[in-house]
Amino acid sequence: MKCRCQSEAVATTSENKPSESLWIGGSSVGIALWFVLYRQLVPFSEWIVSLLPIEKGSSFGEAVTFFFYDTPKVLMLLTLVVFAMSVIRSFFLPERTRAMLAGKNEGLGNIAAACLGIVTPFCSCSAVPLFIGFVSAGVPLGVTFSFLISAPMVNEVALGLLFGLVGWKVALAYLAFGLAVAIVAGWVIGRFHLEGWLEDWVRNARAGTASLPTAQISAVGRIHEGINAVREIVGKVWPWMIAGIAAGAFIHGYAPAELLATIMGKDAWWSVPASVAVGVPMYSNAAGIIPIVEALLGKGAALGTVLSFMMAVTALSLPEAIILRKVLSLRLILVYFGVVACGILAVGYLFNALFV
């Protein structure tokens, strides 16, 4: 009986190894195929437009060309970034993140929280449980806010799409300044010692030990995590993405470059606060807003003005405030919005000064 069990175990192990190799090999082939297809997007979009009865060089023609080029481009970038970062995220479960931040002092804790926000799962619907989990685990309020600011604003989707659409310099600068806003804003909020402005039921939560998951995820399991994330996230955001690309195509084809340069140019000092004021009531994600960013930049809008608009949309949306109202008092939400808005304004003016 013992020999039979051992032989069955060996057989099971030998069956798993080819399966794991097939998954890893198939994923590698898929990634290689992605790069091959990505290099063909320009001729593909030009071929599609050539089949349509559209006058080349017209405003409508420019808008259609932009749409047919950017739609597969953004979809492919989004798929690759979500898959890759979901595999990385499998090493950063919420329980592990909470345990890493618990007990951290302000300053170093703000830096760690902002950096963890880049690779940790986060969306509006998860803000409340994450916030409660962090507070109950003893994470300082300011450190928690650094995480909450960084995760939606400086996430992997935003960085990946910025890199693919407008270049590594802009993506790197956005990463640096976005982290700076999250770190400094969280530190400032922590200096105010506003724990008394939390809702009573959150403030009365008792600190508990943050346990780490003991289960180990296999390589195949991590690939499954990536595939499931692509299905879930891309499935949810593609309507926003199409709407953003359509808006970007309209701007690209019809918006006069001179008008946009006047309204959103660096010489218009009021353009940065105006872009933040316009962005706050809007609700979108990085996949939906970045095609608009690309179109605005192509028409001569100032980089700082456009990115401050993007930061306001992703980090200071009114729907997010409504959800956070469950755990934060109105006064604390106003402080949160005010501090982050000041940081975004500073980043906008700084971008306009640095990038000519």
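Taking our numbering, the leading residue of the sequence shown gets 953, the next gets one more, and so forth.
Using N, Cα and C, we set each Cβ at its ideal position, and we do this for glycine too.
In the DSSP assignment, what residue or residues form a beta bridge with residue i?
{"i": "Leu-1150", "result": "Leu-1280"}
When you compare the CB positions of residue i and residue j, do they come within less than 9 Å of one another, or not?
{"i": "Val-1384", "j": "Leu-1268", "result": "What the structure shows of the chain is the stretch from 953 to 1308, and residue 1384 is not part of that stretch, so it cannot be assessed."}
{"i": "Val-1016", "j": "Ile-1070", "result": "no"}
{"i": "Phe-1261", "j": "Val-1230", "result": "yes"}
{"i": "Val-1182", "j": "Tyr-1301", "result": "no"}
{"i": "Phe-1099", "j": "Ala-1137", "result": "no"}
{"i": "Leu-1270", "j": "Pro-1233", "result": "yes"}
{"i": "Val-1122", "j": "Leu-1259", "result": "yes"}
{"i": "Trp-999", "j": "Leu-1032", "result": "no"}
{"i": "Val-1039", "j": "Ile-1185", "result": "no"}
{"i": "Val-1095", "j": "Gly-1148", "result": "no"}
{"i": "Gly-1295", "j": "Ala-1254", "result": "no"}
{"i": "Leu-1146", "j": "Arg-1283", "result": "yes"}
{"i": "Leu-1029", "j": "Gly-1116", "result": "yes"}
{"i": "Ala-1066", "j": "Ala-1134", "result": "yes"}
{"i": "Ala-1036", "j": "Glu-1108", "result": "yes"}
{"i": "Leu-1068", "j": "Ile-1141", "result": "no"}
{"i": "Ile-1285", "j": "Ile-976", "result": "no"}
Between which two residues does the alpha helix (DSSP H) containing residue i stretch?
{"i": "Phe-1129", "result": "1120 to 1144"}
{"i": "Asn-1180", "result": "1171 to 1181"}
{"i": "Leu-1060", "result": "1060 to 1071"}
{"i": "Ile-1101", "result": "1093 to 1105"}
{"i": "Ser-1010", "result": "That residue, Ser-1010, is in no alpha helix (DSSP H); it is neither H nor E in DSSP."}
{"i": "Ser-997", "result": "993 to 1002"}
{"i": "Pro-1191", "result": "1187 to 1206"}
{"i": "Gly-1252", "result": "No alpha helix (DSSP H) contains Gly-1252, which DSSP labels as neither H nor E."}
{"i": "Ser-1223", "result": "1223 to 1231"}
Have a look at the options and flag the residue whose alpha-carbon is nearest the alpha-carbon of residue i.
{"i": "Ala-1064", "options": "Glu-1014, Leu-1131, Ser-1038, Asp-1022", "result": "Leu-1131"}
{"i": "Ile-1194", "options": "Val-981, Tyr-1021, Gly-977", "result": "Tyr-1021"}
{"i": "Phe-1019", "options": "Glu-1184, Gly-1178, Gly-1009, Ser-997", "result": "Ser-997"}
{"i": "Pro-995", "options": "Ser-971, Lys-1025, Gly-1009", "result": "Lys-1025"}
{"i": "Leu-1111", "options": "Ile-1274, Ile-1241, Gly-1009", "result": "Ile-1241"}
{"i": "Met-1263", "options": "Gly-1178, Gly-1252, Phe-1129", "result": "Phe-1129"}
{"i": "Gly-1317", "options": "Leu-1124, Val-1189, Glu-1007", "result": "Shown here, the chain extends from 953 to 1308; a query on residue 1317 therefore has no answer."}
{"i": "Arg-1277", "options": "Ser-971, Leu-1150, Leu-989", "result": "Leu-1150"}
{"i": "Ser-1042", "options": "Gly-982, Ala-1103, Val-1118, Gly-1173", "result": "Gly-1173"}
{"i": "Asn-1156", "options": "Phe-1012, Gly-978, Ser-980, Val-1279", "result": "Val-1279"}
{"i": "Gly-1256", "options": "Phe-1289, Val-1265, Ile-1285, Leu-1297", "result": "Leu-1297"}
{"i": "Thr-1023", "options": "Ile-1274, Trp-1190, Val-1091", "result": "Trp-1190"}
{"i": "Asn-1304", "options": "Trp-1221, Val-981, Gly-1290", "result": "Trp-1221"}
How would you label residue i, buried or exposed, when you count the other beta carbons within 10 angstroms and need 16 or more for buried?
{"i": "Ser-1170", "result": "exposed"}
{"i": "Trp-1139", "result": "buried"}
{"i": "Ile-1101", "result": "buried"}
{"i": "Glu-1246", "result": "buried"}
{"i": "Glu-967", "result": "Residue confidence is low: Glu-967 scores 46 on pLDDT, short of 50, so the model does not pin down where it sits. Its coordinate-derived value is still stated next. Exposed, because fewer than 16 other Cβ atoms sit within 10 Å of the Cβ of Glu-967."}
{"i": "Tyr-1126", "result": "buried"}
{"i": "Ile-1203", "result": "buried"}
{"i": "Leu-1330", "result": "In the structure as shown, the chain starts at 953 and stops at 1308, and residue 1330 therefore has no counterpart that could be examined."}
{"i": "Gly-1196", "result": "buried"}
{"i": "Phe-1144", "result": "exposed"}
{"i": "Gly-1009", "result": "exposed"}
{"i": "Phe-1012", "result": "exposed"}
{"i": "Gly-1178", "result": "buried"}
{"i": "Gly-978", "result": "exposed"}
{"i": "Gly-1200", "result": "buried"}
{"i": "Leu-989", "result": "exposed"}
{"i": "Leu-1124", "result": "exposed"}
Any beta carbon from chain D within less than 9 Å of residue i's own beta carbon?
{"i": "Trp-1120", "result": "The chain labelled as chain D is not found in the depicted structure, where only one protein chain is given."}
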